[in-house]
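What follows is a single structure, written as structure tokens, with notes after it.
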Amino acid sequence: MQSETAAHPPSRLAGHFASLPVQDNAARLGMWLFLSTEVLLFAGLFVCYASYRFLYPETWAAGSRLLSLPLGTINTVVLIGSSFTVALAVDFAKQGKNRLVFFMLLLTLAAAATFLVIKGFEYSHKFHAGELPGVHFHMKETEGLLPGMPLFFSVYFAATGLHALHVIIGAGVLTWMALKAWRNHFSVGNYVAMENAGLYWHLVDLVWIFLYPLLYLI
Amino acid sequence: MDFFKRLLFLPEQASTFASKVDELHVFVLVATILASIGVGVTALYFFFRFRRRERHQTTEYIVPTVMTEFLFVSVPFVLFLLWFALGFRDYTWVQTPPRDAMDVYVLGKQWMWKFSYPEGPNGVNVLHVPANRPVRLLMTSRDVIHSFFIPAFRIKRDVIPGRYTDTWFEATKPGTYDIYCTEYCGLSHSKMLAKVVVLKAEEYENWVKEQRMGDKQNRQDALADTTLVSPRANLAQQGQRLVGEAGCLKCHTVDGEQHIGPTFVGLYGREERLEGGETITVDEGYITQSMMVPGEHIVSGFPNVMPTYQGKLHSMETAAIVEYIKSLRTRDVVNTASKGPVYEPVRIQ
Amino acid sequence: MSQSASSNPAAAPAEGHAPHKSYLTDGTTVRSWLLSVDHKRIAIMYLVLILLAFLVGGIFALLVRIEHLSPGPTIMDAMTYNRVFTLHGVVMVFLFLVPAVPSIFGNFLLPIMVGAKDVAFPRLNLLSLYLWIFGAGLALWGMINGGADTGWTFYTPYSTTTTTTVAPILVGVFILGMGGILTGLNFIVTVHTMRAPGITWFKLPLFVWASYGTAVVQVLATPVIGLVVLLTAADNTFHIGLFDPARGGDPVLFQHLFWFYSHPAVYIMVLPAFGIISEVVSAFSRKNIFGYRMIAYSTLGIAFVGFFVWGHHMFVSGESTLDAGIFSVITMLVGVFTAIKVFNWVGTVYGGAVDFKTPFAYFCGFLFFVVFGGMTGTALGVVSLDVHWHDTYFVVAHFHFIMVGAAMMAFLAGLHYWFPKMFGRMYHEGWGLTGATLITLGFIVTFVPQFLAGNYGMPRRYYEYPEQYQALNVISTLGALMLFTGFFTILCYLIYALRHGKLATSNPWDSHGYEWRTASPPTTHNFDGPQPFFPEEPHLYTTKPAPEAQHAV
Ligand code: HEA
Ligand code: HEA
Ligand code: CUA
Ligand SMILES: [Cu+2]
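Chains as they are written, first to last, in the numbering used here: chain H, 3 to 220; chain Y, 9 to 357; chain R, 2 to 554.
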């Protein structure tokens with residue numbers, strides 16, 4: 003390890019690291035730790051979901067029927083597809099094929115945009131129908147309404163809103179990676195940045211894979 | 009024992025739980041004091057015994073033996089487990105009210121305590137209880153979380169909106185003791201005080217009789233700080249207006265006829281048969297619950313169609329409706345005591 | 002002794018003559034500080050800011066104490082009082098104690114102690130400083146424009162309905178939390194990937210172990226409070242009603258989520274303080290740590306078990322009896338792990354060569370207060386007793402014993418021990434001991450009466466209180482004034498020492514801690530040349546070679 007530094011260090015190596023593998027390892031470990039904090043952030047929401055589902059089982063079932071299953075399903079497919087393109091991008095980055103990386107990232111970004119547009123449609127419909135959290139809840143047919151319904155929408159908006167925020171941040175990161183690819187940044191030994199961005203995108207996807215069945219299906 | 013209690017500033021002991029818990033209290037605190045002094049003195053002795061004698065003094069390389077390590081772990085472990093076991097024994101005891109306990113409903117709201125008895129009388133900021141008889145408190149809050157604390161009885165329980173909690177005590181000494189609110193609840197949290205008056209059994213009977221004569225409520229409330237009591241007539245009138253506005257009268261009547269829902273007349277204090285066969289006594293808590301979580305208890309013979317008013321009625325509006333329904337009771341229902349505990353407290357797991 | 006010794010300037014580092022500039026003089030413009038990614042400069046900026054926060058929190062504390070001189074209103078109205086104690090708690094916890102030791106001493110020393118030139122992600126480190134500034138600024142802005150009156154626990158539904166400005170403070174707490182996560186993440190990665198050759202896991206200084214354990218807790222627990230404060234802020238501003246019983250929400254769920262962070266958070270506050278003590282005790286008694294592995298493992302034990310005891314804050318909030326029992330018994334385990342540490346510190350002194358300097362004086366106070374404060378914590382974990390004590394001044398006294406008596410004392414011990422390391426100058430020893438005496442005595446006078454008031458039944462967060470508690474409260478207030486005098490003394494002689502103190506040698510305590518192998522103050526890159534090599538364990542003061550086989554744990 004020590005001998006590597008004695009040679010001419012490649013410019014990518016920051017001064018405080020002993021060697022490039024160490025630096026890359028640090029970046030990977032850092033990313034995984036960051037992802038674990040993200041998981042725990044959403045875990046809090048899932049705990050809320052679980053507690054209230056337990057308190058108001060019928061409401062929750064009725065609430066999920068109010069969501070648009072087709073739109074949710076399309077979004078799931080879109081996101082899973084984008085995860086696939088990101089995985090390809092990472093793979094191409096490893097091989098240093100910057101053109102393909104760029105192309106794959108464009109596809110991913112398109113998917114992210116589609117996801118957000120569809121989400122926007124869903125939200126505007128909810129706003130229209132008054133299916134909103136807390137005090138803003140004002141659905142037309144109050145007849146036969148179950149207690150706790152506003153709560154369902156609190157959880158729905160908190161969870162999908164936080165997730166959408168992550169999609170936006172993730173898209174930002176991927177745009178940055180696309181710029182790097184455009185500038186022929188990645189090479190066989192230099193792809194950790196893309197790898198980490200890919201991991202982040204997979205996390206965003208993974209969270210949705212939990213949210214989708216919990217909110218739309220059951 | 010008495011010496012320690014004075015040393016530790018323990019308040020008067022006025023319940024069966026207090027005398028149970030105080031011995032453990034003294035044991036735990038004396039052990040704590042001894043342990044910290046023990047550790048402190050040993051350390052001071054070492055500081056002196058092993059003081060530095062020359063600048064670059066070297067020392068021996070000492071590591072603990074397995075025996076030392078075992079002691080380090082096991083001594084505190086055994087001590088703490090003993091504390092736990094004794095504490096948990098007492099705790100389960102105070103968590104399980106005896107079957108024959110007398111019930112009192114406690115309602116906390118910013119910033120007063122309201123007590124109502126199944127037998128009739130109710131009061132604000134003064135709780136009357138008989139000595140040497142277990143009393144169970146069924147508590148709920150109208151607004152934010154409060155906490156009901158009687159230092160002399162060593163009992164405390166949070167009072168939570170939208171749910172019932174309970175606790176119980178058996179007072180041993182007649183006298184007057186402080187009740188504090190110990191969960192921060194806003195501006196006058198520190199003034200949310202009340203008194204518990206423990207009466208000898210026969211005095212208590214007399215007090216109850218006295219309360220039943222004449223206009224009971226006003227009598228009782230007069231004992232308390234009147235500035236805290238909202239004008240009753242106004243509340244009931246507000247309630248009368250509200251039941252119309254909120255649409256209650258679409259399903260309920262105020263003339264004794266059954267409609268889609270049960271009539272409001274004579275509702276308060278009535279024994280209601282529920283869907284499952286059990287019965288329930290209608291009190292403030294139950295009426296509130298009917299408005300907030302109507303599906304919780306279904307009156308037998310009626311459909312489960314009542315909507316929730318959760319979030320649609322403010323707490324004061326709820327209070328007004330409850331007061332209105334209470335004002336519709338027939339003359340003598342309040343004199344019949346309910347049988348046994350009526351509420352299984354709702355607890356979160 | 003080691004390769005790095007060669008980079009030690011033998012004499013006191015006379016500026017300009019040393020081959021490399023000390024980090025303090027390497028660039029003197031404001032910009033060179035504000036944009037510095039040097040972990041040491043970041044630590045110094047944290048030091049200044051966090052001490053300012055402590056001063057603010059302390060002033061709130063004094064206001065609380067002065068208000069309690071008489072049972073009725075004394076100097077303020079109820080609303081002001083409620084804001085003052087809330088802000089005292091918020092400032093002390095989120096702005097001061099949680100970031101204090103990791104961000105100041107951890108940042109400064111952890112890289113040096115593992116023989117690295119910086120933390121793994123220096124720019125993230127700087128970002129965390131700015132997150133602190135931004136979060137603290139937002140919280141302060143909220144305090145000036147309305148100020149929350151909910152208590153630092155922000156219990157719903159009160160916090161979602163109060164008319165005071167809760168949301169900016171909550172968002173501030175969220176941002177401070179992000180900064181904390183970045184610091185923690187940095188430490189974990191640094192310890193995993195950047196240890197110098199020769200430093201195995203069991204040759205890490207115990208301060209690094211403690212910081213590592215803290216970082217793990219910080220990374221795992223903070224996101225949850227982050228979510229909770231965001232939801233509460235949203236509830237407060239947009240009334241989404243997630244925890245509001247009037248809309249079907251469950252306030253007890255809020256408490257579970259809050260304490261799931263806030264109990265581990267108390268170990269974020271105290272574990273690094275334990276790390277400081279481990280360093281101080283072996284440096285000043287010139288002894289290897291007695292039971293090194295036990296202390297290291299107990300750190301992990303506390304960090305782990307600390308995640309499963311949060312329910313002991315909710316014994317009377319409507320938990321089931323069974324839950325209360327389970328939380329109670331796990332709470333006892335935490336006490337056992339801490340006891341292991343305490344006994345091993347005392348064991349370290351055994352057979353040592355004690356030099357009773359200021360840091361050691363703080364250790365002396367620390368020892369007594371951590372046992373008393375800790376065991377009263379365990380006592381609170383005894384369910385039946387907590388029924389009486391919950392939300393009384395007994396709890397207040399318990400946590401001040403640990404947070405002021407233990408964590409703050411350890412902070413001061415570290416500040417004095419590492420002062421020459423950080424600034425290259427010495428403070429006046431006589432004043433140091435005076436300060437320590439004032440603080441220790443003032444502390445006892447302030448908080449022992451609060452235990453008694455709690456036993457006597459005095460509830461916390463009370464603006465006015467029944468008359469029988471007055472005597473105890475007056476004594477406590479006098480103690481607080483003494484504490485203030487103590488802190489003020491320290492502040493004065495330390496600031497004086499910054500300019501006029503004697504120049505320190507690079508290792509004034511003759512300590513064998515790793516951090517003393519570089520110059521004091523260190524040069525910008527800590528070690529010049531390639532990573533140094535560390536052949537022996539830290540704090541080895543024996544002439545005999547260390548026995549290879551350690552006793553099994
Ligand atoms: C740095 C902060 C810190 C630390 C380290 C601790 C440590 C502990 N705390 Fe504390 N606690 C707080 C800060 C802290 N606490 C705060 C802020 C609150 C109030 C929150 C609020 O409501 O606002 C609180 C409240 C609190 C409660 C709730 C009280 C209530 O509200 O009703 C409980 C209950 O169990 C508790 C327990 C403990 C325990 C068991 C420990 C243990 O970790 C202690 C372990 C240490 C020891 C046990 C000492 C060492 C032991 C020995 C040396 C053994 C001695 C010898 C022999 C056996 C011979 N704490
Ligand atoms: C780290 C945490 C911390 C610290 C250090 C302190 C320090 C002090 N606290 Fe605090 N306190 C809390 C955390 C802390 N507190 C929390 C979490 C609560 C609960 C809040 C709630 O209920 O929501 C609380 C509540 C609380 C109460 C209860 C209020 C109530 O319930 O009504 C009281 C009452 O006496 C009190 C008093 C004090 C006093 C006298 C000090 C003294 O030790 C302060 C002394 C300090 C000074 C006077 C400042 C002087 C400083 C300088 C001069 C500069 C410093 C410079 C250098 C060191 C170099 N505190
Ligand atoms: Cu009610 Cu405090
Ligand atoms: Cu705790």
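Quick reminder that beta carbons are idealized off the backbone N, C-alpha and C, glycines included.
- Under the three-state reduction of DSSP output, S27 of chain Y falls in the helix class.
- A distance below 9 Å separates the beta carbons of Q318 of chain Y and V301 of chain Y.
- The residues N312, in chain order, have a CB closer than 7 Å to that of G303 of chain Y in the same chain once the five nearest residues on each side in sequence are set aside.
- Against A121 of chain R, the close residues of chain H are A28 and G32, in the order they occur along the chain (beta-carbon pairs closer than 7 Å).
- Interface criterion not met: the Cβ of R66 of chain R is under 9 Å from no Cβ in chain Y.
- Three or more beta-carbon pairs separated by less than 8 Å are not found between the segment 490-505 of chain R and the segment 528-538 of chain R, which leaves the two stretches without contact.
- DSSP places T289 of chain Y in the uninterrupted beta strand (DSSP E) bounded by T287 to T289.
- Not one heavy atom of ligand 4 lies closer than 8 Å to the C-beta of S321 of chain R.
- Here DSSP, grouped into helix, strand and coil, assigns I226 of chain R to helix.
- Between N83 of chain R and V167 of chain R, the C-beta gap is not smaller than 9 Å, which leaves the two residues out of contact.
- One alpha carbon belongs to A101 of chain R, the other to L48 of chain R, and they sit about 8 Å apart.
- At a cut-off of 9 Å between beta carbons, A160 of chain H contacts chain R.
- Against chain R, the beta carbon of C256 of chain Y has no neighbour under 9 Å; the closest one sits roughly 18 Å away.
- In this structure, D150 of chain R and T87 of chain R form a Cβ contact; the two beta carbons are roughly 6 Å apart against a cut-off of 8 Å.
- In terms of Cβ geometry, P360 of chain R and F309 of chain R do not form a close pair [threshold 9 Å].
- Apart from sequence neighbours up to five positions away, the residues of its chain that approach K422 of chain R with a beta-carbon distance below 6 Å are S521, ordered along the chain.
- Around the C-beta of A63 of chain H, fewer than 16 other C-beta atoms lie within 10 Å, and the residue is accordingly described as exposed.
- The beta carbon of S126 of chain H sits no closer than 9 Å to any beta carbon of chain R.
- When secondary structure is reduced to three states using DSSP, D93 of chain H falls in the helix class.
- With a threshold of 16 other beta carbon atoms within 10 Å, M75 of chain Y falls short and is exposed.
- Listed along the chain, the chain H residues whose CB falls inside 9 Å of the CB of P224 of chain R are S38, T39, E40, V41, L42, L43, F44, A45 and G46.
- For G116 of chain R, no alpha helix (DSSP H) run applies, since DSSP gives it neither H nor E.
- Below the 9 Å Cβ cutoff, chain Y contributes Q318 and G319 as neighbours of P152 of chain H, in chain order.
- When Cβ-Cβ separations below 9 Å define contact, N187 of chain R makes contact with chain H.
- Judged by DSSP in its simplified three-state form, Y542 of chain R adopts coil rather than helix or strand.
- According to DSSP, residue pairing for A179 of chain Y in a beta bridge involves Y:S23.
- Counting along the chain, W121 of chain Y sits inside the beta strand (DSSP E) bounded by residues M120 to S124.
- Annotated as proximal: F154 of chain H and Y54 of chain H, with beta-carbon spacing under 9 Å.
- In the three-state scheme derived from DSSP, where H, G and I count as helix and E and B as strand, G174 of chain H is classed as helix.
- Inter-segment contact for the segment 15-26 of chain H and the segment 176-196 of chain R is present: three or more beta-carbon pairs are separated by less than 8 Å.
- Y214 of chain H has its alpha-carbon roughly 55 Å from the corresponding atom of L453 of chain R.
- Ligand 2 never approaches M151 of chain H closely enough for any of its heavy atoms to be under 8 Å from the residue's Cβ.
- The shortest CA-to-CA distance from T326 of chain Y to any of Y:E77, Y:C259, Y:E191 and Y:S149 is the one to Y:S149.
- Within the same chain, Cβ atoms closer than 7 Å to the Cβ of P123 of chain R are found at V38 and H40, the five residues on either side in sequence being excluded.
- The C-beta distance from G132 of chain H to Y58 of chain H rounds to 19 Å, too long to fall under 8 Å, and the pair is not in contact.
- The Cβ atoms of L89 of chain Y and M410 of chain R lie no closer than 9 Å to each other.
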